[in-house]
Amino acid sequence: MTLECEFSMVPPHEIRAPADQRIPFVFNSPHSGRYYPPRFLASSRLDAHAIRRSEDCNVEELFGGAVALGAPMLLAHFPRAYLDVNREPYELDPRMFNEPLPPYANAQSARVAGGLGTVPRLVGEGQDIYPGKLPLAEALGRIETLYKPYHAVLSRLIADTQRRFGYCVLIDCHSMPAGIRVGDGIGRPDFIVGDRFGMSCSDALSATAIELLQDIGYAVAHNKPYAGGYITEHYGRPARGFHSLQIEVNRGLYLNERTFEKHSGFDRLRNDLDMFLADLSSLPDYHFGMPPLAAE
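The sequence shown lines up with residues 1 to 296 when you count with the UniProt record's numbering.
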């Protein structure tokens with residue numbers, strides 16, 4: 001079965017968009033996909049439950065209020081365990097494949113070393129996905145068929161938004177395990193806001209996001225331990241009008257991590273995020289390098 005056939009019934013990705021885009025924001029949920037192709041499951045040493053350990057469950061629902069505010073949202077239907085679009089296109093682990101990697105592959109990144117490359121080796125707490133090595137053509141096929149089209153769509157959404165409004169704010173939406181701990185007196189954060197240590201967006205965007213979440217009552221960390229992945233780094237060019245911010249939500253706020261079922265906190269969190277997104281998207285244009293409107 002070809003990759004195209006595997007996604008003939010379920011599209012690899014989806015754009016949820018308002019009839020008319022009203023705000024200069026684009027939302028992205030690259031890890032909430034939960035369609036696991038049967039051939040992939042058959043090739044894995046993990047069962048259909050264990051393989052979900054890396055999934056950002058229901059994140060596209062938590063941030064879904066962005067569409068009603070007037071922003072498009074791109075989301076993957078393929079799972080992160082199958083292909084991770086929050087990586088460089090060819091971050092590949094040579095230990096995973098029967099053949100040598102092409103010379104343009106990045107086999108030395110920390111993410112590859114940790115088993116979390118473009119085609120991941122591990123899920124969750126270090127569980128191997130595959131019982132043996134894969135044909136290199138399998139990885140390259142996923143990159144050509146799924147990764148590159150996904151980024152082509154995301155790039156278009158960002159460019160179209162920047163042309164229309166003069167700038168674009170990309171919010172990259174993720175979830176993190178409930179057991180995450182950080183220092184700085186926070187302990188277990190409810191949210192982590194990542195801006196690549198100030199490189200991917202205006203300071204005002206990061207500061208406002210943190211302040212708004214704290215005002216609601218959440219514990220918020222900044223860049224630790226997640227400063228933003230490839231998407232945040234690659235698309236964040238604030239000097240050119242492209243701002244990118246990663247937001248990680250603690251799964252313990254809304255999910256039973258053992259069963260992957262929502263618990264009673266889901267609706268409250270979604271309502272809080274609706275309010276947060278409405279306030280964040282109201283940030284004045286001059287915070288993004290746009291000149292203020294002249295007085296009449």
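All C-beta atoms in this analysis are idealised placements derived from N, C-alpha and C, irrespective of residue type, glycine included.
Checklist line | With 16 other Cβ atoms within 10 Å as the buried cut-off, status of Val169 | finding: buried
Next item on the list: Return the first residue and the last residue of the alpha helix (DSSP H) that Asp272 is part of.
Entry: Where Asp272 is concerned, the enclosing alpha helix (DSSP H) stretches over 265-280.
Notebook entry, point to check: Shortest alpha-carbon distance to Met73 belongs to which of Tyr167, Val220, Asp172?
Noted result: Asp172
Check: Of the residues Glu60, Leu41, Glu14, which one's Cα is nearest the Cα of Ile51?
Finding: Across the set Glu60, Leu41, Glu14, the C-alpha of Leu41 shows the shortest separation from the C-alpha of Ile51.
Check: Would the beta-carbon of Val193 fall within 8 Å of that of Ile231?
Finding: no
Check: Alpha carbon to alpha carbon, how far is Ala48 from Ala81?
Finding: Between Ala48 and Ala81, the C-alpha separation is close to 11 Å.
Next item on the list: May I ask you to verify whether the region 57-71 touches the region 127-143, counting CB pairs closer than 8 Å and requiring at least 3?
Entry: no
Item checked: beta strand (DSSP E) runs wholly inside the region 161-238, at least 3 long, in chain order -> 168-176, 191-194, 220-222
Next item on the list: To the nearest angstrom, report how far apart Phe260 and His31 are at their CA atoms.
Entry: In a straight line, the C-alpha of Phe260 is about 14 Å away from that of His31.
Notebook entry, point to check: Is Phe288 helix, strand or coil when you go by DSSP?
Noted result: Annotated three-state conformation of Phe288 is helix, per DSSP.
Checklist line | alpha helix (DSSP H) segment containing Val59, residue limits | finding: 59-62
Notebook entry, point to check: Can you tell me whether DSSP reads Arg16 as helix, strand or coil?
Noted result: strand
Notebook entry, point to check: When you compare only the Cα positions, how much space is there between Pro18 and Phe63?
Noted result: 14 Å
Item checked: Top-ranked residue by Cα proximity to Arg111, from Phe191, Ile186, Pro120 -> Pro120
Next item on the list: Quick one: using the 10 Å Cβ neighbour count with 16 as the cut-off for buried, is Phe197 buried or exposed?
Entry: exposed
Next item on the list: Name the one or two DSSP bridge partners that Ser244 has.
Entry: Leu170
Check: Do you know whose CA, among Ser54, Ile129, Arg34, lies nearest Ser44's CA?
Finding: Ile129
Check: Taking the alpha carbon of Cys201 as the point to measure from, which residue in Gly179, Tyr167, Tyr226 has its own alpha carbon closest?
Finding: Looking at the Cα atoms, Tyr167 is the closest of the given residues.
Item checked: Assigned exposure category for Ser206 - 16 Cβ within 10 Å defines buried -> It counts as buried.
Checklist line | Rounded C-alpha distance that separates Phe27 from Gly185 | finding: 30 Å
Checklist line | beta strand (DSSP E) segment containing Ala76, residue limits | finding: Ala76 -> beta strand (DSSP E) spans 73-76.
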